[in-house]
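Peer 1: Got a structure for you, written out below as structure tokens; questions coming shortly.
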Amino acid sequence: MPRLVVLLLFAVAIAAAGGSRLPILAAEPALDYLIVQLDSGGARAQSVDGIAPSLEDQGFRRIPVPPGYTADEYAAELRSLPGFISVVPDVRAYAAALPDDPLFPVNQAAYLGLIKAPGAWDLSTGAAHEVIVAVLDSGMDTRHPELNSRLWENIRDASRDGIDDDNNGCVDDLNGCRFVDLTSSNRDGCGYSSSAATGNILDDHGRAGSDQNSHGTLVAGIIGAAGNNGAGLTGVSWDVRLMPVKVLDCGPTGSPSGSVYNVAQGIDYARRMGARIINLSLAANGATADTPVLRKAVADAEAQGVIIVAAAGNHTPSSSDVGPGYPAAYTQFSNVVAVGASDLNGDWATFSNYGPALDIAAPGVSIASTTRTDLGFASPYGADTRGGTSFSTPLVAGVIALGIARNPNLPMNDYLDLLFASAAPARPAVHGQNWAGAGIVDAAKFVARIPLTLSGSALRDFKDVPFGTEIRAFVGAQECGRTTTTAVGPVSLYTLRVKSAGEQIDCGVPGSRVRVIVGGFETTNEITWPGRDLPIGFLDEDLTAVSPPPGPVVVQVLNGGWSNIAQLETTGPPGAVLASFGSPWTTVLRWDPSAGGLLGGVYRRYLKDAPGYVNDLDSLGRYEAIWIDGARANVATPNPNPVAGRSVALLAGWNNIVYTGSARSVADALVDSAGKYARVMQFDNATGTWTSHVPGMPRYLNDFNGLFQLQVYWIYMNEPGVIVMR
252 MPRLVVLLLF
262 AVAIAAAGGS
272 RLPILAAEPA
282 LDYLIVQLDS
292 GGARAQSVDG
302 IAPSLEDQGF
312 RRIPVPPGYT
322 ADEYAAELRS
332 LPGFISVVPD
342 VRAYAAALPD
352 DPLFPVNQAA
362 YLGLIKAPGA
372 WDLSTGAAHE
382 VIVAVLDSGM
392 DTRHPELNSR
402 LWENIRDASR
412 DGIDDDNNGC
422 VDDLNGCRFV
432 DLTSSNRDGC
442 GYSSSAATGN
452 ILDDHGRAGS
462 DQNSHGTLVA
472 GIIGAAGNNG
482 AGLTGVSWDV
492 RLMPVKVLDC
502 GPTGSPSGSV
512 YNVAQGIDYA
522 RRMGARIINL
532 SLAANGATAD
542 TPVLRKAVAD
552 AEAQGVIIVA
562 AAGNHTPSSS
572 DVGPGYPAAY
582 TQFSNVVAVG
592 ASDLNGDWAT
602 FSNYGPALDI
612 AAPGVSIAST
622 TRTDLGFASP
632 YGADTRGGTS
642 FSTPLVAGVI
652 ALGIARNPNL
662 PMNDYLDLLF
672 ASAAPARPAV
682 HGQNWAGAGI
692 VDAAKFVARI
702 PLTLSGSALR
712 DFKDVPFGTE
722 IRAFVGAQEC
732 GRTTTTAVGP
742 VSLYTLRVKS
752 AGEQIDCGVP
762 GSRVRVIVGG
772 FETTNEITWP
782 GRDLPIGFLD
792 EDLTAVSPPP
802 GPVVVQVLNG
812 GWSNIAQLET
822 TGPPGAVLAS
832 FGSPWTTVLR
842 WDPSAGGLLG
852 GVYRRYLKDA
862 PGYVNDLDSL
872 GRYEAIWIDG
882 ARANVATPNP
892 NPVAGRSVAL
902 LAGWNNIVYT
912 GSARSVADAL
922 VDSAGKYARV
932 MQFDNATGTW
942 TSHVPGMPRY
952 LNDFNGLFQL
962 QVYWIYMNEP
972 GVIVMR
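At position 257 of the sequence shown (counting the first as 1) the number is 508 in my numbering, and the numbers step up by one without a gap.
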């Protein structure tokens, strides 16, 4: 068949695939592949809620090179055709509190001590919040006792029915997904029969009885082997959720390897399925590894706040290619952490690649971890004696997971800024170039620097404060955080970052009380800095600053006509009780909801100068609400200092009460009658107008949202209830 006809047939087949989710399969293994991005003419899938669509939905495909072509020849011819945004050859990537676990003291103490992991465990073992770490590698032994309880689960595709139930492009991906090539070598050496994306993510690296390589299982255990379980060894993060994504083959001819396209697909899958961290203990060397599809996968992860921890790669003493491989070599993406390796003394490990892109380093020699359980060895554990940045990288990923578990609500760059700021300076290497970036990772300092964060609405007297209101946080006398409010319509919002003592002296440590000031008034929020394995990120934490209660003298405003006020004198006959009222008045009314009638109650009255038979109000009790026609602007009464615990029975219909508890939201103050009241109202004596609160109504639509001490309210009850003044 003429080459041009073959070319056109392939191009037509690619275009016809369009938005299809079916993988492109080869009847026989292909020797070479191209990565293309199709031009959909402006119809390409768009982001939804800021989340990028899959790489496939963005037009990326991988196609086999037809017989008779080299990859470069076929790429050049496809570029000459319309409908392609990019065409590049695919290239290979290669696997580059003290626990009681018995192997920890002997096999792990040296390197975990160097990165100060035990100090970090005093604050976080990963249990406070479930952090998903995707492990893009040769798979994982999901049967391993240290790993099987740490597996991420995709419950939307758990049926094992051979169907992509959640339509995410991977069939039966209960615990992860496999993206591997079908090549002649891995068909014969690994037993692969298809390039289809499936949930078959078992680690197949290593040969029974001959070695304990298990690259992916080793990496997974370094990150998250179960800790403090009395068995085996421990990962850096004891309670992480591991998402195995198999992008490397079994290594039939040496180290496990996979295509850059599959690595990009794995990054894309992990991002879409909720990973916060992606561990890449692999690297693709050379400029040709910098492909559009890999860049797009990394960029989409960055936009979604997903951290990619990537091995710098290894070199032999005779190699001149000492720079980091991809994706570690990317410096334009803030989410990529390029990891180099040290020895157990904290010096440069001579195999570790180096160069300007390096961000941080961790030990990479004699790292103990989990191995496959089916290799015929007495114990499914081992230590890699050769060393590699493959094993430095999961140490860093595990440390970051500890920080995210401590506070999952920080922006991505905050974790990385704290990670780099807390690193221990590294000694120079003999080559004189950058090999460790910020230094050797220090887990204890990193976790200790994680700040407490609060976010929600900022309120003054249970109403939203104005835009730009200042909020300050104090631990003791030390100011440890400051922000100002923003606004979304009538709602006032804030996000407050409170520094830890690890970041600023005299700031937060477990047990510290955090005081928050909103607009110059201290809030009623009781915030204590949480201890070990308790989250220190709080969402929907509405800060409420409340005006102080009345002082020694209670001043109530009168409007010169009828005013609804609290009777604060001792109980007695109306004339005697009001003898020292201090304002001319003629009539007092008290609402009696127990009398029934058309209005649901009646007013009991007392006319100051009327004959006794005209009056039916014989006594006024302290803390009763009354209407009075006082002529003066206000009245002052000594504060009776009400005691907490007073309760008032509320009858069906309207009830006029004096609230004697501390200032609380309406819902909190009326919690004992929740669901029984329909409206709360208050008469504003100063203006002569009514204000209202309806339960369930948005805060900004109510006139008020709190009850305040020694103020008067009307409560409409659908059925009898009670209010207890706390």
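Using N, Cα and C, we set each Cβ at its ideal position, and we do this for glycine too.
For clarity, every value in this text was computed on a predicted model and none was experimentally measured.
Spatial neighbours of D784 within its chain, please: CB distance less than 7 Å, with the 5 preceding and 5 following residues excluded, ordered by chain position.
Peer 2: Taking the sequence shown and counting its residues from 1, the one referred to as residue 784 is at position 533. The residues are S375, T376, A378, A379.
Peer 1: Report the residue from G762, P801, T734 whose alpha carbon sits nearest the alpha carbon of I768.
Peer 2: Against the sequence shown, residue 768 aligns to sequence position 517. If we check each option's Cα against that of I768, T734 comes out closest.
Peer 1: Check each candidate in I877, P800, S305 and name the one with the smallest Cα separation from A550.
Peer 2: Taking the sequence shown and counting its residues from 1, the one referred to as residue 550 is at position 299. The shortest Cα separation from A550 among I877, P800, S305 belongs to S305.
Peer 1: If you follow the alpha helix (DSSP H) that D432 is part of, which residue opens it and which one closes it?
Peer 2: Residue 432 sits at position 181 when you count from the first residue of the sequence shown. Where D432 is concerned, there is no enclosing alpha helix (DSSP H), given that its DSSP letter is neither H nor E.
Peer 1: Any contact of the region 441-461 with the region 488-506, i.e. 3+ C-beta pairs under 8 Å?
Peer 2: Judged by Cβ distances under 8 Å, the region 441-461 makes contact with the region 488-506, as three or more pairs qualify.
Peer 1: Within this structure, are the beta carbons of L485 and T622 separated by less than 7 Å?
Peer 2: Counting from one through the sequence shown, the residue named residue 485 turns up at place 234. Counting from one through the sequence shown, the residue named residue 622 turns up at place 371. Note that residue 485 corresponds to Thr in the displayed sequence, not to Leu. Taking 7 Å as the Cβ cut-off, T485 and T622 do not qualify as a contacting pair.
Peer 1: According to DSSP, simplified to helix, strand and coil, what is K547?
Peer 2: For the purposes of this step, residue 547 is identified with residue 296 of the sequence shown, where counting begins at 1. Helix, per DSSP.
Peer 1: Could you tell me which residues DSSP puts in a beta bridge with M932?
Peer 2: Reading the sequence shown from its first residue, position 681 is the one you call residue 932. Partner(s): S943, W965.
Peer 1: For P662, count the other beta carbons within 10 Å of its own beta carbon; 16 or more makes it buried, fewer makes it exposed. Which is it?
Peer 2: The count along the sequence shown starts at 1 and reaches residue 662 at position 411. P662 is exposed by the Cβ-count criterion.
Peer 1: What beta strand (DSSP E) runs, 3 residues minimum, are completely inside the region 564-596?
Peer 2: Counting whole runs of 3 or more residues, the region 564-596 contains the beta strand (DSSP E) stretches 587-593.
Peer 1: At least one CB of chain D closer than 7 Å to the CB of A344: is that the case?
Peer 2: You won't find chain D in this structure, because it holds only one protein chain.
Peer 1: Can you look up L516 in the DSSP assignment and give me helix, strand or coil?
Peer 2: Counting from one through the sequence shown, the residue named residue 516 turns up at place 265. The sequence as given places Gln at residue 516; Leu does not occur at that position. If DSSP states are grouped into helix, strand and coil, Q516 belongs with the helices.
Peer 1: Bridge partners of W842, per DSSP?
Peer 2: The residue given as residue 842 occupies position 591 in the sequence shown. DSSP lists Y854 as partners of W842.
Peer 1: In angstroms with no decimal places, state the Cα-to-Cα distance between L840 and L829.
Peer 2: As a working note, residue 840 is residue 589 in the sequence shown. As a working note, residue 829 is residue 578 in the sequence shown. Roughly 13 Å separates the two Cα atoms.
Peer 1: Ignore the nearest five residues each way along the sequence and tell me which others in V808's own chain have a CB closer than 8 Å to its CB.
Peer 2: As a first step, residue 808 must be located in the sequence shown, where it is residue number 557. Cβ within range, chain order: S814, A884, N885, N936, A937.
Peer 1: Between the Cα of L653 and the Cα atoms of A360, W372, G939, I314, which residue gives the shortest distance?
Peer 2: Residue numbering aside, residue 653 sits at position 402 when the sequence shown is read from its first letter. Considering only alpha carbons, the answer is W372.
Peer 1: Spatial neighbours of D712 within its chain, please: CB distance less than 7 Å, with the 5 preceding and 5 following residues excluded, ordered by chain position.
Peer 2: What you label residue 712 is simply residue 461 of the sequence shown in a count that begins at 1. Excluding positions up to five away in sequence, the list reads V797, S798, G957.
Peer 1: Starting from P889, follow the beta strand (DSSP E) in both directions and report where the run begins and ends.
Peer 2: Mapped onto the sequence shown, residue 889 falls at position 638. P889 -> beta strand (DSSP E) spans 885-889.
Peer 1: Hey, quick one: how far does the beta strand (DSSP E) through M663 stretch, first residue to last?
Peer 2: Position 412 of the sequence shown, counted from the start, is the residue given in the question as residue 663. No beta strand (DSSP E) holds M663; the alpha helix (DSSP H) holding it covers 663-673.
Peer 1: Whole-angstrom Cβ separation of I722 and L747, contact assumed at under 8 Å?
Peer 2: As a working mapping, residue 722 is identified with position 471 in the sequence shown. As a working mapping, residue 747 is identified with position 496 in the sequence shown. Correct: roughly 6 Å between the Cβ atoms.
Peer 1: Where C758 and V588 are concerned, what is the direct C-alpha to C-alpha distance, given to the nearest angstrom?
Peer 2: Taking the first residue of the sequence shown as 1, we reach residue 758 at position 507. Taking the first residue of the sequence shown as 1, we reach residue 588 at position 337. Between C758 and V588, the C-alpha separation is close to 29 Å.
Peer 1: Would you mind stating whether S673 and V726 have Cβ atoms separated by less than 7 Å?
Peer 2: As a first step, residue 673 is located in the sequence shown; it is residue number 422 there, counting from the start. As a first step, residue 726 is located in the sequence shown; it is residue number 475 there, counting from the start. Not in contact: S673 and V726 (Cβ atoms no closer than 7 Å).
Peer 1: Counting Cβ pairs closer than 8 Å, one from the region 436-452 and one from the region 595-612, do we hit at least three?
Peer 2: The region 436-452 vs the region 595-612: no contact.
Peer 1: Across the region 632-647 and the region 673-686, are there enough close Cβ pairs to call them in contact, namely three or more that are closer than 8 Å?
Peer 2: No, the region 632-647 is not in contact with the region 673-686.
Peer 1: Give me the residue from G826, I474, T321, S444 with the minimum Cα distance to A613.
Peer 2: As a first step, residue 613 must be located in the sequence shown, where it is residue number 362. Per the Cα distances, I474.
Peer 1: Please check the pair A385 and I529, which I expect to be a contact at CB under 8 Å, by giving their CB distance rounded to whole angstroms.
Peer 2: To locate residue 385, count along the sequence shown from 1; it is residue 134. To locate residue 529, count along the sequence shown from 1; it is residue 278. With 8 Å as the limit, A385 and I529 qualify as a contact, their Cβ atoms being about 5 Å apart.
Peer 1: Going straight from the alpha carbon of N969 to that of D954, what length do you get?
Peer 2: The residue given as residue 969 occupies position 718 in the sequence shown. The residue given as residue 954 occupies position 703 in the sequence shown. If you take the alpha carbons of N969 and D954, they lie about 21 Å apart.
Peer 1: Is there contact between the region 512-527 and the region 382-398, where contact requires at least three CB pairs shorter than 8 Å?
Peer 2: Judged by Cβ distances under 8 Å, the region 512-527 makes contact with the region 382-398, as three or more pairs qualify.
Peer 1: With a 10 Å radius around its C-beta and 16 neighbouring C-beta atoms as the bar for buried, classify V251 as buried or exposed.
Peer 2: In this structure the chain extends from 252 to 977, so residue 251 is not present and cannot be described.
Peer 1: Here's a check: name, in chain order, each residue in its chain whose Cβ is nearer than 7 Å to the Cβ of P825, leaving out the five neighbours to either side.
Peer 2: Locating residue 825 in the sequence shown gives position 574, counting from the first residue. So the qualifying residues of the chain are V839, Y857, L868, L871.
Peer 1: Can you tell me whether E279 is buried or exposed, with buried defined as 16 or more other CB within 10 angstroms of its CB?
Peer 2: Numbered from its first residue, the sequence shown carries residue 279 at position 28. Any reading at E279 must be qualified, since the residue scores a pLDDT of 43, below 50, and its modelled position is unreliable; the value itself is stated next. Exposed: under 16 other Cβ atoms inside 10 Å.
Peer 1: Taking the alpha carbon of R401 as the point to measure from, which residue in W965, L332, T393 has its own alpha carbon closest?
Peer 2: The residue given as residue 401 occupies position 150 in the sequence shown. If we check each option's Cα against that of R401, T393 comes out closest.
Peer 1: Give me the DSSP bridge partner(s) of R915.
Peer 2: Counted from its first residue, the sequence shown places residue 915 at position 664. R915 pairs with L958.
Peer 1: Roughly how many angstroms lie between the CA atoms of E324 and G334, to the nearest whole one?
Peer 2: As a first step, residue 324 must be located in the sequence shown, where it is residue number 73. As a first step, residue 334 must be located in the sequence shown, where it is residue number 83. Whole-angstrom Cα-Cα distance: 18 Å.
Peer 1: Could you check which residue in S446, S508, A346 has the C-alpha nearest to that of P315?
Peer 2: Position 64 of the sequence shown, counted from the first residue, corresponds to residue 315. Answer by Cα proximity: S446.
Peer 1: Going by CA-CA distance only, name the one from E773, A882, T795 that's closest to G812.
Peer 2: To locate residue 812, count along the sequence shown from 1; it is residue 561. Ranking E773, A882, T795 by Cα distance to G812 puts A882 first.
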